[in-house]
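Visitor: Structure incoming, see below.
Residue numbers (my numbering): 2 to 181.
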(Lines of atoms letter the chains of each structure in order from A; the text may use other names.)
(Lines give C-alpha, C1' and ligand atoms only; values in the text may rest on other atoms or scores of the structure.)
Protein backbone atom coordinates (compact mmCIF):
# COMPACT_ATOMS: atom_id res chain seq x y z
CA UNK A 2 0.00 0.00 0.00
CA UNK A 3 2.70 2.39 -0.68
CA UNK A 4 1.88 5.42 -2.67
CA UNK A 5 -1.65 5.68 -1.34
CA UNK A 6 -2.75 8.88 0.29
CA UNK A 7 -3.98 8.37 3.78
CA UNK A 8 -7.05 10.49 4.61
CA UNK A 9 -7.41 12.03 8.00
CA UNK A 10 -10.52 11.29 9.94
CA UNK A 11 -13.23 13.97 9.79
CA UNK A 12 -13.10 14.52 13.56
CA UNK A 13 -9.46 15.53 13.45
CA UNK A 14 -10.03 18.10 10.66
CA UNK A 15 -12.87 19.75 12.61
CA UNK A 16 -10.64 20.21 15.69
CA UNK A 17 -7.93 21.84 13.60
CA UNK A 18 -10.48 24.20 11.97
CA UNK A 19 -11.86 25.25 15.39
CA UNK A 20 -8.36 25.92 16.76
CA UNK A 21 -7.51 28.10 13.75
CA UNK A 22 -10.75 30.10 14.01
CA UNK A 23 -10.16 30.76 17.73
CA UNK A 24 -6.85 32.46 16.91
CA UNK A 25 -8.10 34.97 14.35
CA UNK A 26 -8.29 38.01 16.74
CA UNK A 27 -10.84 40.77 17.18
CA UNK A 28 -13.73 41.41 14.88
CA UNK A 29 -14.28 44.89 13.50
CA UNK A 30 -17.33 45.38 15.74
CA UNK A 31 -15.36 44.43 18.87
CA UNK A 32 -12.59 46.85 17.93
CA UNK A 33 -15.05 49.71 17.30
CA UNK A 34 -16.80 49.12 20.63
CA UNK A 35 -13.43 49.13 22.45
CA UNK A 36 -12.40 52.40 20.78
CA UNK A 37 -15.76 53.98 21.66
CA UNK A 38 -15.40 52.99 25.32
CA UNK A 39 -11.84 54.37 25.48
CA UNK A 40 -13.01 57.64 23.86
CA UNK A 41 -15.81 58.03 26.41
CA UNK A 42 -13.44 57.38 29.33
CA UNK A 43 -10.95 59.92 27.99
CA UNK A 44 -13.75 62.46 27.56
CA UNK A 45 -14.63 62.06 31.21
CA UNK A 46 -11.06 61.99 32.56
CA UNK A 47 -9.48 64.81 30.54
CA UNK A 48 -11.33 67.77 32.14
CA UNK A 49 -10.60 66.34 35.57
CA UNK A 50 -6.91 65.98 34.69
CA UNK A 51 -6.76 69.58 33.42
CA UNK A 52 -8.40 70.81 36.63
CA UNK A 53 -5.91 68.81 38.70
CA UNK A 54 -2.93 70.19 36.77
CA UNK A 55 -4.19 73.75 37.16
CA UNK A 56 -4.63 73.24 40.90
CA UNK A 57 -1.09 71.90 41.20
CA UNK A 58 0.45 74.86 39.36
CA UNK A 59 -1.55 77.37 41.41
CA UNK A 60 -0.53 75.61 44.63
CA UNK A 61 3.14 75.78 43.60
CA UNK A 62 2.99 79.52 42.87
CA UNK A 63 1.19 80.23 46.17
CA UNK A 64 3.57 78.06 48.20
CA UNK A 65 6.55 79.89 46.65
CA UNK A 66 5.10 83.17 47.92
CA UNK A 67 4.56 81.70 51.39
CA UNK A 68 8.15 80.42 51.41
CA UNK A 69 9.35 83.91 50.50
CA UNK A 70 7.35 85.46 53.35
CA UNK A 71 8.64 82.86 55.83
CA UNK A 72 12.22 83.47 54.69
CA UNK A 73 11.83 87.27 54.97
CA UNK A 74 10.40 86.94 58.48
CA UNK A 75 13.13 84.56 59.68
CA UNK A 76 15.89 86.69 58.14
CA UNK A 77 14.48 89.79 59.86
CA UNK A 78 14.74 88.01 63.21
CA UNK A 79 18.16 86.52 62.45
CA UNK A 80 19.71 89.77 61.16
CA UNK A 81 17.89 91.95 63.72
CA UNK A 82 16.90 94.38 60.97
CA UNK A 83 13.93 95.04 58.71
CA UNK A 84 13.67 92.63 55.77
CA UNK A 85 11.26 93.16 52.89
CA UNK A 86 9.51 90.77 50.51
CA UNK A 87 8.66 92.82 47.44
CA UNK A 88 7.69 92.61 43.79
CA UNK A 89 10.71 92.99 41.52
CA UNK A 90 11.02 93.02 37.77
CA UNK A 91 14.82 93.29 37.75
CA UNK A 92 15.76 91.07 40.73
CA UNK A 93 17.74 93.80 42.49
CA UNK A 94 15.22 96.41 43.64
CA UNK A 95 11.56 96.69 44.59
CA UNK A 96 9.98 97.63 41.24
CA UNK A 97 7.30 96.08 39.04
CA UNK A 98 4.47 93.74 39.85
CA UNK A 99 4.30 90.40 41.64
CA UNK A 100 3.85 88.57 38.35
CA UNK A 101 7.28 89.89 37.25
CA UNK A 102 8.97 88.11 40.15
CA UNK A 103 9.91 89.00 43.69
CA UNK A 104 12.87 89.35 46.00
CA UNK A 105 13.66 89.22 49.70
CA UNK A 106 15.92 92.16 50.51
CA UNK A 107 17.43 93.44 53.76
CA UNK A 108 17.29 97.07 54.87
CA UNK A 109 20.99 97.25 54.01
CA UNK A 110 20.21 96.48 50.36
CA UNK A 111 21.42 92.87 50.33
CA UNK A 112 19.26 90.66 48.13
CA UNK A 113 18.70 87.47 50.10
CA UNK A 114 16.54 85.62 47.57
CA UNK A 115 15.36 86.18 43.99
CA UNK A 116 12.29 84.50 42.53
CA UNK A 117 11.63 84.55 38.78
CA UNK A 118 8.44 85.73 37.13
CA UNK A 119 5.23 83.77 37.56
CA UNK A 120 4.71 80.87 35.18
CA UNK A 121 3.29 81.72 31.79
CA UNK A 122 -0.46 82.18 31.96
CA UNK A 123 -0.56 82.93 35.69
CA UNK A 124 -1.20 86.23 37.42
CA UNK A 125 -0.35 87.38 40.94
CA UNK A 126 -2.10 90.52 42.11
CA UNK A 127 -2.19 92.53 45.31
CA UNK A 128 -2.81 96.08 46.47
CA UNK A 129 0.60 96.02 48.21
CA UNK A 130 3.84 95.69 46.28
CA UNK A 131 5.98 95.02 49.36
CA UNK A 132 5.76 93.38 52.78
CA UNK A 133 8.19 94.55 55.46
CA UNK A 134 9.07 92.39 58.47
CA UNK A 135 10.42 94.03 61.63
CA UNK A 136 13.38 92.59 63.59
CA UNK A 137 10.85 91.01 65.96
CA UNK A 138 9.32 89.05 63.05
CA UNK A 139 6.12 91.08 63.06
CA UNK A 140 4.85 92.31 59.71
CA UNK A 141 4.36 96.03 59.23
CA UNK A 142 0.97 95.51 57.56
CA UNK A 143 -1.36 92.66 56.75
CA UNK A 144 -1.57 91.75 53.08
CA UNK A 145 -3.16 89.28 50.72
CA UNK A 146 -1.97 88.23 47.28
CA UNK A 147 -4.20 86.46 44.76
CA UNK A 148 -2.70 83.83 42.47
CA UNK A 149 -4.87 82.79 39.53
CA UNK A 150 -4.91 81.70 35.91
CA UNK A 151 -4.68 84.70 33.59
CA UNK A 152 -5.06 82.99 30.20
CA UNK A 153 -6.87 80.94 29.19
CA UNK A 154 -9.43 81.31 31.91
CA UNK A 155 -9.98 77.59 32.45
CA UNK A 156 -11.57 76.78 35.77
CA UNK A 157 -12.29 79.17 38.56
CA UNK A 158 -9.60 78.06 40.97
CA UNK A 159 -7.37 80.56 42.66
CA UNK A 160 -5.15 80.72 45.74
CA UNK A 161 -5.05 83.59 48.20
CA UNK A 162 -1.81 84.05 50.14
CA UNK A 163 -2.48 85.96 53.35
CA UNK A 164 0.25 87.46 55.51
CA UNK A 165 -1.17 88.57 58.85
CA UNK A 166 -0.02 91.59 60.84
CA UNK A 167 1.88 89.18 63.11
CA UNK A 168 3.88 87.98 60.08
CA UNK A 169 2.29 84.53 59.67
CA UNK A 170 1.67 83.44 56.07
CA UNK A 171 -1.03 81.02 54.89
CA UNK A 172 -2.69 79.86 51.67
CA UNK A 173 -6.43 79.54 51.06
CA UNK A 174 -8.05 77.87 48.06
CA UNK A 175 -10.96 79.88 46.66
CA UNK A 176 -13.00 79.96 43.49
CA UNK A 177 -13.92 83.65 43.34
CA UNK A 178 -11.99 84.20 40.11
CA UNK A 179 -11.32 87.78 41.20
CA UNK A 180 -7.85 88.00 39.70
CA UNK A 181 -7.32 91.00 37.47
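C-beta atoms are modelled at their ideal positions from N, C-alpha and C, and glycine is treated no differently.
Tell me which residue opens and which closes the beta strand (DSSP E) that residue 88 is part of.
Guide: 84-88
Visitor: Strictly by DSSP, which residues pair up with residue 159?
Guide: 149 and 175
Visitor: For my contact list, residue 76 and residue 112 are in at a C-beta cut-off of 8 Å; report their separation, rounded to the angstrom.
Guide: Between residue 112 and residue 76 the Cβ distance is about 11 Å, and since that is not below 8 Å, they are no contact.
Visitor: Residue 40 to residue 47, Cα distance in whole Å?
Guide: 10 Å
Visitor: Pick out whichever of 168, 73, 53 and 147 has its Cα sitting closest to the Cα of residue 177.
Guide: 147
Visitor: In the DSSP assignment, what are the bridge partners of residue 105?
Guide: Among the bridge pairs identified by DSSP, residue 105 is matched with 86 and 114.
Visitor: I need the straight-line Cα distance from residue 163 to residue 43, nearest angstrom please.
Guide: 37 Å
Visitor: Taking the Cβ atom as the reference point for each residue, do residue 99 and residue 61 lie within a distance shorter than 9 Å?
Guide: no
Visitor: Between residue 151 and the ligand ATP, is the CB less than 8 Å from at least one heavy atom?
Guide: Within the structure as shown, the ligand ATP is missing, as the structure has no ligands at all.
Visitor: Is residue 85 near residue 95, with beta carbons less than 9 Å apart?
Guide: yes
Visitor: Of all the options 81, 160, 74 and 78, which has the alpha carbon lying nearest to the alpha carbon of residue 127?
Guide: 160
Visitor: Compare the beta carbon distance of residue 150 and residue 132 with 9 Å and say whether it is the shorter of the two.
Guide: no
Visitor: Residue 139 and residue 109 look like a contact to me (Cβ under 8 Å); what is the Cβ gap, rounded to whole Å?
Guide: About 19 Å separates the two Cβ atoms, so there is no contact after all.
Visitor: Quick check on the DSSP output: the alpha helix (DSSP H) that includes residue 165 runs from which residue to which?
Guide: Looking at the DSSP string, residue 165 is not in any alpha helix (DSSP H), and its letter there is neither H nor E.
Visitor: Can you list, in chain order, the residues of its chain with a C-beta nearer than 6 Å to that of residue 90? Leave out the 5 residues immediately preceding and following it.
Guide: Around residue 90: 96, 97 and 101.
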